[in-house]
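Residues in the sequence shown are numbered from 455 upward in steps of one, following my numbering.
Ideal placement from N, C-alpha and C gives every residue a C-beta, glycine not left out.
The structure displayed is predicted, hence computed values, not measured ones.
Report on the structure given below.
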Amino acid sequence: MESNLLELHIVRHGKSSWDYPHIADIDRPLTERGIENAHQMAQRFLANYHTPDLIITSSAARAVHTCLIFARILHVPFEQITINDLIYNGTDDEILGMIHSTPPGVKRLMIFGHNPAFTDLANRFLQHKIDNLPTAGIVSLHFNAPDWLEINRGNMVSEFFDFPKRLT
């Protein structure tokens with residue numbers, strides 16, 4: 455019997471640098487702290503969850519870098535990583551539409567992106583809303599749903615919110 459449990463992991467990119475005023479926002483890199491936090495959070499994720507079946511990341515350099523750190527630590531092959539421009543400037547509605555179109559064989563989806571859309575997206579489902587999804591923060595949601603189009607707060611069976619400063 456196939457399980458209807460779907461996992462959605464919403465990950466905000468690591469802390470990014472503002473030290474390069476002449477480069478485009480999309481090209482801003484991670485700071486040293488951003489890299490360290492991404493490593494810490496990926497290790498913590500690995501200790502508590504199964505490897506994602508699919509990762510979708512924003513096209514912004516800071517999101518891609520965070521994603522690659524997670525993918526390496528979680529042993530996710532590059533073939534299971536997609537870069538999607540929609541996440542960079544997309545609204546929570548648009549990102550939810552992207553999630554709804556996730557292929558049926560994917561049971562564990564991880565997405566990497568930005569605020570405010572990621573905080574807004576998480577708050578659509580969380581029983582206890584958050585003010586802000588911090589950099590390198592993760593909201594993990596589990597749904598008892600037959601497919602991604604059916605996920606909603608009513609069929610969410612568990613939630614977990616973690617962020618780097620909780621590690622200390």
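Close beta carbons around residue i, own chain, < 6 Å, minus the five adjacent residues each side
i, result
"residue 469", "485, 487, 488, 589"
"residue 607", "579"
"residue 554", "602, 603"
"residue 511", "517, 518, 521, 537, 566"
Residues that DSSP places opposite residue i in a beta bridge
i, result
"residue 616", "592"
"residue 564", "463, 509"
"residue 470", "484"
"residue 439", "Residue coverage of the chain in this structure runs from 455 to 622, which leaves residue 439 outside it and unanswerable."
Residue from the options with nearest C-alpha to residue i
i, options, result
"residue 507", "564, 540, 539, 459", "564"
"residue 460", "510, 618, 491, 609", "609"
"residue 599", "536, 593, 560, 591", "560"
"residue 490", "462, 523, 556", "523"
Supposed contact pair residue j and residue i - C-beta distance, whole angstroms, cut 8 Å
i, j, result
"residue 614", "residue 584", "No, residue 614 and residue 584 are not in contact; Cβ-Cβ is about 12 Å, not under 8 Å."
"residue 587", "residue 566", "Contact doesn't hold; Cβ gap of about 12 Å is too wide."
"residue 466", "residue 569", "6 Å"
"residue 515", "residue 480", "7 Å"
"residue 478", "residue 520", "Wrong, their Cβ atoms sit about 18 Å apart, outside the cutoff."
Residue span of the alpha helix (DSSP H) that contains residue i, given as start and end
i, result
"residue 489", "486–502"
Residues of its chain near residue i, where Cβ-Cβ distance is below 8 Å and the 5 sequence neighbours each way are ignored
i, result
"residue 455", "For residue 455, the pLDDT reaches just 40, beneath the cut-off of 50, and the residue's location in the model is therefore unreliable, although a value from the coordinates is still provided. No residues qualify anywhere along the chain."
"residue 528", "496, 499, 500, 505, 506"
Residue range of the unbroken beta strand (DSSP E) whose run includes residue i
i, result
"residue 536", "535–537"
Any non-hydrogen atom of the ligand ATP within 7 Å of residue i CB
i, result
"residue 529", "Here there are no bound small molecules, and the ligand ATP is not part of this structure."
Close Cβ partners of residue i (< 7 Å) along its chain, the five nearest in sequence each way excluded
i, result
"residue 539", "513"
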